[in-house]
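Residue numbers (numbering that gives the first Met the number 0): 0 to 530.
Even glycine gets a Cβ: it sits at the ideal position worked out from N, Cα and C.
Report on one structure; see the data block that follows.
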Amino acid sequence: MLNELRLKSLAPKQCPKCQAERSFKILADQLICRRCGYSMPRIDQATKRNKSTESPFIENVSAAIAPEDNAAYGPRRPIPPPGFGIQHVGEVNKWAKAAYESAITYMRQEKWEDAAKAFQRALDVQPDLADAHYYLALITRDPEKKREHLSTVIAHQPAHSAAIRELMILNGDLSEADEAVLDNPFHEPEIIEASGAVGVTTTNLRCPKCGAPHMTTDDLTGLIFCKSCGHVDEKRQQAGSGGNLVMALLERRAQPVKWIIGERLLACESCGAERTVSGQKLSTGCIYCGSNHIFEKDALDSFEQPQGLVPFAINQEQAEQAIRKRLKGWFERFKGWFDNNRIERVNLEGHYLPFWVFDVQVSVRRTIIREPSSRHQSYARLSPGGLPNDLYHTETLMDSMFNVLVSAVKSPSRRMTDKLGEFDLSAMIGYESKLLAKHPAQIYSVDVDVASLTARSIVGEAMRMRHSLHAAQDATVNITTTPTGMSYQLVLLPVWVATLYELDGDVRNALVNGQTGKVILGKTHKPGIGY
């Protein structure tokens with residue numbers, strides 16, 4: 000603590016870029032301005048660098064791979080002695096297994112060239128043996144061959160975290176410093192809450208023809224147009240492909256700090272006014288000049304942009320009609336006998352809520368145990384030899400589940416967002432800031448690492464239901480699932496958010512699916528209580 004205080008006192012009192020006072024935060028070996036993101040080396044670290052002629056880190060990934068000698072094989076860094084176990088999914092040819100085990104023996108003896116030849120013999124017999132590809136990638140010094148072997152491993156086993164990590168280092172997505180952090184099994188990013196408003200970079204939505212800040216979305220066509228001059232922007236981007244979940248988790252785990260942002264500082268480019276806005280907003284309007292601002296990034300790089308957006312398919316009037324129709328249902332009328340729950344007024348706004356969308360491939364292990372039909376079978380079941388073959392059956396199946404939606408916000412709660420029903424993701428278009436011209440959007444408050452655990456739970460339950468349906472009545476079915484690959488996207492989905500004010504003073508929240516019109520009514524509560 001004393002060391003941290005001493006270092007803070009050496010930081011400049013004023014940021015040379017944005018002139019903010021006392022805005023620097025210590026982060027690893029740098030001082031970073033919370034407001035504008037300006038960074039500078041820490042004074043004590045800068046002094047050490049000046050005294051040393053060697054950089055403590057390897058800045059070029061190819062330099063880490065390039066050998067000091069002319070040998071074609073050898074690991075770029077010390078690796079622990081490998082085991083003889085094979086993680087390959089499926090059967091392994093006996094000749095390929097023999098060659099593989101010989102290669103492992105050579106690796107333990109650090110005979111790298113002999114090991115490479117033995118691994119290649121194994122691949123000549125069984126080209127899809129991922130374990131041989133992985134170890135060949137570790138010991139080869141040719142970057143192109145290394146990339147080819149790693150890509151083959153990931154193609155056969157998308158969740159192979161070690162291969163993904165090596166490929167990220169090879170591509171420069173992870174530095175040597177990041178690799179050292181990941182080697183520590185006890186490392187977790189430090190969670191720090193920003194003490195003040197964080198500066199943000201925005202896009203000011205203006206008409207490209209007349210420059211007016213009056214861009215909006217047409218309810219019928221979904222196109223962006225200017226309310227001042229009538230200019231129509233017909234350009235649309237295609238939705239991007241999903242990212243690899245393992246890569247995202249490795250990048251997040253390698254970060255020294257995970258920032259919690261409470262407020263962001265918005266500087267309007269149109270009128271020059273500055274004000275703080277909620278850290279949950281992805282877009283907002285200037286209260287002074289009315290211009291619309293879309294957040295691109297903040298000074299601490301604490302969030303990522305969405306990959307896609309699903310436009311609204313129903314307008315505000317249709318959403319309000321759907322709510323009133325739901326309120327006229329028999330259950331709501333029945334509750335009205337006991338409470339004065341008639342609606343006095345409705346506050347309805349369209350929002351784009353962020354959702355994590357996962358595509359999951361799983362390995363399903365199904366075990367079927369049938370009840371014995373005779374005393375002999377009962378005795379055999381209790382004997383040390385175990386169950387007879389006709390009573391016990393195990394099989395492994397490969398299955399998948401696509402477009403698994405997990406809400407990326409804490410409010411509205413999952414209790415309501417999970418009931419919104421399905422969204423037609425075939426209508427998704429590539430995200431652009433101009434698409435938020437009419438309806439605002441939120442920044443995710445549930446990160447992908449937490450959401451992926453929820454997605455695994457959803458997929459596991461779905462697999463248990465799917466693969467237990469056709470079991471006999473006298474059988475017990477046990478289902479276990481293991482994800483073999485997960486990809487994800489951050490998508491903005493259309494939701495009408497309503498606040499219903501009742502005659503008795505109670506408040507009720509409601510959500511309307513912006514595509515299908517499905518209505519979700521929350522519980523009544525007193526004003527001031529959230530979803």
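Where the alpha helix (DSSP H) containing residue i begins and where it ends
{"i": "residue 142", "result": "142-155"}
{"i": "residue 296", "result": "No alpha helix (DSSP H) contains residue 296, which is instead part of the beta strand (DSSP E) from 291-297."}
{"i": "residue 158", "result": "Per DSSP, residue 158 belongs to no alpha helix (DSSP H) and is neither H nor E."}
{"i": "residue 464", "result": "447-465"}
{"i": "residue 315", "result": "315-326"}
{"i": "residue 245", "result": "244-253"}
Start-to-end residues for the beta strand (DSSP E) that takes in residue i
{"i": "residue 282", "result": "282-284"}
{"i": "residue 406", "result": "391-406"}
{"i": "residue 488", "result": "474-501"}
{"i": "residue 277", "result": "273-277"}
{"i": "residue 260", "result": "Careful: residue 260 lies outside any beta strand (DSSP E) and carries neither H nor E."}
{"i": "residue 593", "result": "The requested residue 593 does not occur in the structure, where the chain is confined to residues 0 to 530."}
{"i": "residue 180", "result": "Unbroken run through residue 180 is the alpha helix (DSSP H), 175-182; no beta strand (DSSP E)."}
{"i": "residue 416", "result": "No beta strand (DSSP E) holds residue 416; the alpha helix (DSSP H) holding it covers 413-416."}
{"i": "residue 201", "result": "197-204"}
{"i": "residue 523", "result": "518-524"}
Rounded C-alpha distance that separates residue i from residue j
{"i": "residue 79", "j": "residue 108", "result": "12 Å"}
{"i": "residue 534", "j": "residue 83", "result": "This structure leaves residue 534 out entirely; the chain is present only between 0 and 530."}
{"i": "residue 251", "j": "residue 449", "result": "12 Å"}
{"i": "residue 509", "j": "residue 440", "result": "17 Å"}
{"i": "residue 504", "j": "residue 406", "result": "30 Å"}
{"i": "residue 253", "j": "residue 180", "result": "6 Å"}
{"i": "residue 100", "j": "residue 86", "result": "13 Å"}
{"i": "residue 451", "j": "residue 363", "result": "18 Å"}
{"i": "residue 67", "j": "residue 161", "result": "The predicted position of residue 67 is uncertain, since its pLDDT is 45 and thus under 50; no value can be drawn from it."}
{"i": "residue 106", "j": "residue 77", "result": "11 Å"}
{"i": "residue 475", "j": "residue 123", "result": "43 Å"}
{"i": "residue 158", "j": "residue 483", "result": "5 Å"}
{"i": "residue 305", "j": "residue 130", "result": "35 Å"}
{"i": "residue 415", "j": "residue 490", "result": "18 Å"}
{"i": "residue 399", "j": "residue 205", "result": "43 Å"}
{"i": "residue 145", "j": "residue 139", "result": "6 Å"}
{"i": "residue 150", "j": "residue 411", "result": "40 Å"}
{"i": "residue 257", "j": "residue 170", "result": "24 Å"}
{"i": "residue 383", "j": "residue 461", "result": "Confidence at residue 383 is low in this model, with a pLDDT of 46, below 50, so its placement is unreliable and no value can be given for it."}
{"i": "residue 321", "j": "residue 280", "result": "27 Å"}
{"i": "residue 13", "j": "residue 404", "result": "45 Å"}
{"i": "residue 314", "j": "residue 224", "result": "17 Å"}
{"i": "residue 24", "j": "residue 152", "result": "41 Å"}
{"i": "residue 269", "j": "residue 18", "result": "21 Å"}
{"i": "residue 283", "j": "residue 513", "result": "20 Å"}
{"i": "residue 285", "j": "residue 198", "result": "15 Å"}
Residues that residue i bridges to, as DSSP identifies them
{"i": "residue 38", "result": "31"}
{"i": "residue 354", "result": "406 and 490"}
{"i": "residue 216", "result": "223"}
{"i": "residue 170", "result": "In DSSP, residue 170 forms no bridge with anything."}
{"i": "residue 210", "result": "Answer by DSSP bridge pairing: none, since residue 210 is not bridged."}
{"i": "residue 359", "result": "400 and 485"}
{"i": "residue 232", "result": "223"}
{"i": "residue 192", "result": "259"}
Near the ligand PLP: residue i beta-carbon under 6 Å from a heavy atom
{"i": "residue 163", "result": "Among the ligands in the structure shown, none appear at all, so the ligand PLP cannot be discussed."}
Residue i, buried or exposed, once every other Cβ within 10 Å from all chains shown has been counted against 16
{"i": "residue 165", "result": "buried"}
{"i": "residue 477", "result": "exposed"}
{"i": "residue 234", "result": "exposed"}
{"i": "residue 485", "result": "buried"}
{"i": "residue 94", "result": "exposed"}
Problem - Sequence ranges, alpha helix (DSSP H) only - wholly within the region 71-147, length at least 4 - result: The region 71-147 contains these whole alpha helix (DSSP H) runs: 93-107, 111-124 and 129-138.
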